[in-house]
Amino acid sequence: MSDVFLINFRYHDVNLEDSKLLANKLGRSEWDLFAGIDVQSKSYKTPVKWDALYKNGKPNNTSIGIYWSNSTFDISESKMPEDVYRNEQKFWNGGSTIETRFGESTWQGFSNYFEPRSVINELPFKSNFNYGLGSFYNEKGKTVSREEWHNLSIQDVLPTWQFQVDTTKVEPTISFEDSYFGGSSLFLEAYENAELPLYKTKISLEKNVNFSVVAKTIGNISLEFYCQLSNGEILTNALKNSLSWKKNNFRITARKNVRIIKIGVRTRGKGSAYLGEVAINSKHEPSPTTSQFQVNGFLNENNAELYVHFKTLDAPVYHNLYFINEENDKIWLGKTPSKDFYISKIPTKNGKIKIEVQSESFGGKKGEIIKKTIDISK
1018 MSDVFLINFR YHDVNLEDSK LLANKLGRSE WDLFAGIDVQ SKSYKTPVKW
1068 DALYKNGKPN NTSIGIYWSN STFDISESKM PEDVYRNEQK FWNGGSTIET
1118 RFGESTWQGF SNYFEPRSVI NELPFKSNFN YGLGSFYNEK GKTVSREEWH
1168 NLSIQDVLPT WQFQVDTTKV EPTISFEDSY FGGSSLFLEA YENAELPLYK
1218 TKISLEKNVN FSVVAKTIGN ISLEFYCQLS NGEILTNALK NSLSWKKNNF
1268 RITARKNVRI IKIGVRTRGK GSAYLGEVAI NSKHEPSPTT SQFQVNGFLN
1318 ENNAELYVHF KTLDAPVYHN LYFINEENDK IWLGKTPSKD FYISKIPTKN
1368 GKIKIEVQSE SFGGKKGEII KKTIDISK
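The end of the sequence shown is residue 1395 by my numbering, with every number in the run present.
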């Protein structure tokens, strides 16, 4: 017996209703049936029988199964992150109206039908709005690599609401042009006062909770960071205006039987702003242990490829890897939560490579730096 069943793409509202009745007759839920949408070739421009799938603003008769949801990348002409991201927003939030041989069809998307859920239930929490890829890598706003990279294992928890706001007031997007840490940040183009919810949370206030928010602003705009509590209270903290990355720290004092259930930002005025980091903790976090590591390498003329293996630690951490070039610049090679990492190409003239590794907790705390000089010329 199958757990679920995918219905082919030639359905209509009548046979979906019949499928629902048959599933119930067999003692199965109609939601175990998935009416398929084939988006492989056209993504959010695919004509869909929405009337058969939704009724009165809710899914009707069966669940929905999406075939080839990575089509947002496939239909991108440039394959650049900005273009793919715009396609993803249209795919999930709703796209434009198109003409088909059956008349006009508007892609409705799916985000309105997802119940917002919190994944932020424990502390510490940190997000740099890192999308898991980039054409550079920054640390505290300083560029430590200008190489293109892709690594979804270090993608941050992205906002719960992406982004159900009135875009005539504020237009949010992920920016791949600037970051505080990583290869992206949250960019806001504000036209008038607006509120932008970011994360649904479930954070206990049995202890004091500390916030750190890094932002920068351009133009006649100011930002406020707000926290909505389970008792109905809304607490706001003004963020300092700055053309460069500025860290803002504040605390919410303990309250019995109260939780933080939502966090977000408010814009005041007109201008642009970047959010580079939101970090939350309730106690001092000790520095993590940096793992010992071993490196195996292969020399190919003036370049080397390396295989790095990290010793397993008791507590999970990220491993940041760097090499020191001939100009004594520290270049970021990558970051991983895994115990193994592959580096495809590092320049070397004599087969010797200076490597540095530094651990990082999931809350952003850095450990000691371990340095090694690797000789793969032998």
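Heads up, the beta-carbon is just placed ideally off N, CA and C, and yes, glycines get one too.
Delimiting residues of the alpha helix (DSSP H) encompassing residue i
i, result
"S1361", "Not the alpha helix (DSSP H): S1361 falls in the beta strand (DSSP E), residues 1357-1364."
"D1030", "1030-1042"
"Q1245", "Per DSSP, Q1245 belongs to no alpha helix (DSSP H); it is in the beta strand (DSSP E), 1226-1246."
"K1107", "1098-1110"
"T1089", "1088-1091"
"A1069", "1067-1070"
Nearest neighbour of residue i, chosen from the options [CA to CA]
i, options, result
"S1128", "F1142, E1105, L1150, F1198", "E1105"
"Q1172", "A1271, A1321, P1354, F1131", "P1354"
"Q1179", "E1385, V1056, E1132", "E1132"
"N1367", "E1241, E1318, V1056", "E1318"
"P1333", "N1025, E1377, H1326", "E1377"
"T1218", "S1080, I1054, V1275, H1167", "V1275"
"V1174", "N1342, I1191, V1101, F1358", "I1191"
"H1029", "G1149, L1169, T1306, V1065", "V1065"
"D1346", "D1331, F1315, K1159, I1280", "K1159"
"K1279", "N1110, Y1243, A1207, I1024", "Y1243"
"H1301", "F1315, I1081, G1381", "G1381"
"E1343", "T1079, L1323, K1371, S1086", "K1371"
"T1089", "R1103, G1199, G1200", "R1103"
"L1033", "S1060, K1042, N1077, N1110", "N1077"
"I1297", "K1264, V1312, T1234, A1321", "K1264"
Alpha carbon of residue i to alpha carbon of residue j, nearest angstrom
i, j, result
"K1107", "N1155", "28 Å"
"S1289", "L1205", "6 Å"
"V1295", "V1231", "7 Å"
"K1383", "V1374", "11 Å"
"S1095", "S1058", "16 Å"
"D966", "E1047", "Not covered by the structure: residue 966. The range shown for the chain is 1018 to 1395."
"S1144", "V1031", "46 Å"
"L1050", "S1202", "38 Å"
"L1140", "H1336", "20 Å"
"I1360", "G1044", "53 Å"
"F1379", "L1215", "20 Å"
"K1072", "F1142", "38 Å"
"N1138", "E1209", "33 Å"
"L1260", "K1062", "39 Å"
"K1369", "D1392", "4 Å"
"F1358", "S1152", "20 Å"
"P1176", "L1316", "43 Å"
Extent of the continuous beta strand (DSSP E) run through residue i
i, result
"P1214", "1211-1221"
"K1279", "1276-1298"
Residue i burial status per 10 Å Cβ neighbour count (16 or more: buried)
i, result
"V1136", "exposed"
"K1328", "exposed"
"G1112", "buried"
"T1365", "buried"
"Y1339", "buried"
"F1236", "It is worth fixing the name first, because residue 1236 is Gly in this sequence and not Phe. Under this definition G1236 is an exposed residue."
"I1238", "buried"
"A1271", "exposed"
"L1038", "exposed"
"T1185", "exposed"
"N1213", "The sequence shown places Leu at residue 1213, rather than the Asn named in the question. Result: buried."
"S1394", "exposed"
"G1281", "buried"
"K1233", "buried"
8 Å contact criterion, which residue i and residue j should meet: CB distance rounded
i, j, result
"N1254", "F1267", "5 Å"
"V1026", "G1053", "Note that residue 1026 corresponds to Phe in the displayed sequence, not to Val. Confirmed, about 5 Å."
"S1299", "N1227", "7 Å"
"I1387", "T1306", "That pair is no contact at about 10 Å."
"G1293", "Y1197", "3 Å"
Residue i CB to nearest heavy atom of the ligand FAD below 8 Å
i, result
"K1042", "No copy of the ligand FAD occurs in the structure displayed, which carries no ligand at all."
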